[in-house]
Amino acid sequence: MKTEAKICVDCKKEFEISSGDLDLYEKVDIELPTLCFFCRIKLHLSFWMFGKFRKGKSDLSGKSLITVLPEINRYPIYTLHEWHSDKWDAMNFGIDYDSSRPFFEQLKELQEKVPHPHQNGIKNTGCDWCDDVWNSKNCYLSRSMEECEDLYYSYRNVKVKNSIDMTICFNTEKSYDSGDCHNSFRLFYSKHSRDCIDSLFLYDCRNCQNCFMCWNLRNKSYYIENIQYTKEAYEEKLKSFQLGSYKFIQSLKKNFEEIIKKEAIHRGNFNLRTYNSDGDYLLDVKNCHNCNTISDSEDCCNCIRGLHQKSDIDSDGCWYSEMIGNCSCCIGGYALKYSTWSSSRYSEYLDLCIECEYCFGCIGLKKKKYCILNKQYNKEEYEILKNKIISDMRKRGEYGQFLPYSMSAGPFNFSTSFLYFPETKKEDIFKLGGYWEDISENQIEGMPTNELPDDIKDVPDTIIKEALICPETGWRFNIAQN
């Protein structure tokens, strides 16, 4: 079986390219990677901002906006509505290619002229304090979600409604503080569970109803700590727990964690309905290898956090894509390479380009064809210049590389990448050309959450007017009225 060994140019560790990877690299027609798998992810996710929500103003109209983009920017920021409007044209920022200079240097200069939208996403209502939000309604302080409604303080959810503090959940309603739970209703403090109703503190349970502090159960009702109760005894026992007390809930969480460590059977992975695939958190996938947290996909390699992908490789945070390679956060792409936040076809080195095709090295274009560095060419001119640029890039060792850290939207420590690689040092990011923002240690005005009443029934309605301070980050947040 043919494989190829390489040394990562960033971490200097050896990595291997499998025969399956080699075949898919050839099919997608991208260069072999010079970064190892983890350094590729680290670079890709640095383009996915995870900063603090802040208030600002549009550089076009002066209108108020709420964004996670940094306050000190390399580029203008427009409201999302303005960015999609005809009030400006990214073609006006086009530049001529200069063969005497590195291509990435020129692309970065173009990027710094073209406006960015204040928020990633479309077709939302009442989701101002959200980012990476799509087709959702009335959500607050939440990120990375699709078709959600009345969702608060949550991350990475699809079709979740009337819920709070949810992470990586699908098709779930009226639930709280749960992770990797699917198709459930009124589920609280639970993990890795599916098709459950009216239950609290579940771990790896399926089709359970009215269960409390249970693990590995299937098709059960009225269980407490995996012991069967009658309906009446279960309800009476539940009344004895102080479920409105924060301290009591914290003690239950700690006890449940210990029980899970000692008593639960732990799956080798959390895959479901997979065929000839390897990785974790895979759902309805076929022929996918070295993938994590992807669904409804086939024939993919080295992808994380994807949905409806086909024949993609080295692509992270991508949805509804096919034949794309070395991309980050691209939705709806086909035959797209080395790009980020774009939905385009037959193109390379794009950022924020929507419904374009046959474009190379462009920023912020919409429905354009045969463009290079935001300048229009005819088909013949486009092919000649594109091939010239690729030849020059090969000579400089640029072609086949993803966009550099210097083109990320903001500081590395306020990106999704920092969530996955929290041990990364500021000095190392600077060496790679990236950015870092030192967090201010100045005292922020507000109420520390440890000063709140312990029981929810004692919390006054005026809490919605208070600025609360997170004890871990020191960041300020509010409780939404709903």
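Going by the working numbering, the residue at position 39 of the sequence shown is 29; the numbering climbs one at a time, nothing skipped. Even for Gly, the Cβ is constructed at its ideal location relative to N, Cα and C. Please read these numbers as outputs of a predicted model, since none were measured by experiment.
Query	Result
Tell me the rounded alpha-carbon separation between LEU97 and CYS352.	8 Å
Who are the near neighbours of LYS17 in its chain, counting only those whose CB is closer than 8 Å to its CB and skipping five residues on each side?	SER301, MET313
Quick check for students: name the residue ranges of the alpha helix (DSSP H) that lie wholly in the region 252 to 340, counting only runs of 4 or more.	none
Once DSSP output is grouped into helix, strand and coil, what is the label at ILE469?	coil
Closest by CA to LYS2, which one among PHE27, LEU12, ILE20?	PHE27
Out of ASP167, TYR367, SER48, LEU192, which one is the CA nearest neighbour of SER144?	ASP167
Where in the region 376 to 455 do unbroken runs of the alpha helix (DSSP H), each at least 4 residues long, occur, reported from the N-terminal end onward?	406 to 410, 416 to 421
Considering just the uninterrupted stretch of the alpha helix (DSSP H) at VAL18, what are its terminal residues?	9 to 18
Leaving aside the five residues before and after GLN109 along the sequence, list all residues of the same chain whose C-beta is less than 6 Å from its C-beta, in chain order.	LEU70, ASP121
Indicate the three-state DSSP secondary structure (helix, strand or coil) for LEU25 in the structure shown.	coil
Please name the residue, chosen from LYS77, GLY322, GLU370, that lies closest to LEU297 on a Cα-to-Cα basis.	GLY322
Rounded to the nearest angstrom, what separates TYR348 and TYR360 at their Cα positions?	5 Å
Can you name, in chain order, every residue of its own chain whose Cβ lies under 7 Å from the Cβ of ARG386, other than the five neighbours on each side?	PRO92
Hey, which unbroken runs of the alpha helix (DSSP H) at 4 residues or more fall wholly within the region 31 to 79?	70 to 73
Measuring alpha carbon to alpha carbon, tell me which of ASN377, MET135, THR330 ends up nearest GLY354.	THR330
Nearest-angstrom Cα distance between GLU163 and VAL150?	6 Å
On a Cα-Cα basis, can you pick out the residue from ASP0, LYS(-4), PHE404 that is closest to SER8?	LYS(-4)
Below 8 Å on the Cβ atoms is my contact criterion, and I expect TRP426 with ASN440 to pass it. Report the Cβ-Cβ distance as a whole number of Å.	Between ASN440 and TRP426 the Cβ distance is about 30 Å, and since that is not below 8 Å, they are no contact.
Where does ILE250 fall in DSSP's three states?	helix
Rounded to whole angstroms, what is the Cα-Cα separation between PRO450 and ILE239?	20 Å
Among GLY84, ASP88, ILE112, which has the Cα closest to the Cα of GLU102?	GLY84
Could you give the distance in angstroms between the alpha-carbon of TRP38 and the alpha-carbon of PHE392?	14 Å
Classify ASP13 as buried or exposed, calling it buried when 16 or more other Cβ atoms lie within 10 Å of its own Cβ.	exposed
For the region 444 to 460 against the region 229 to 244, are there 3 or more C-beta pairs whose distance is under 8 Å?	yes
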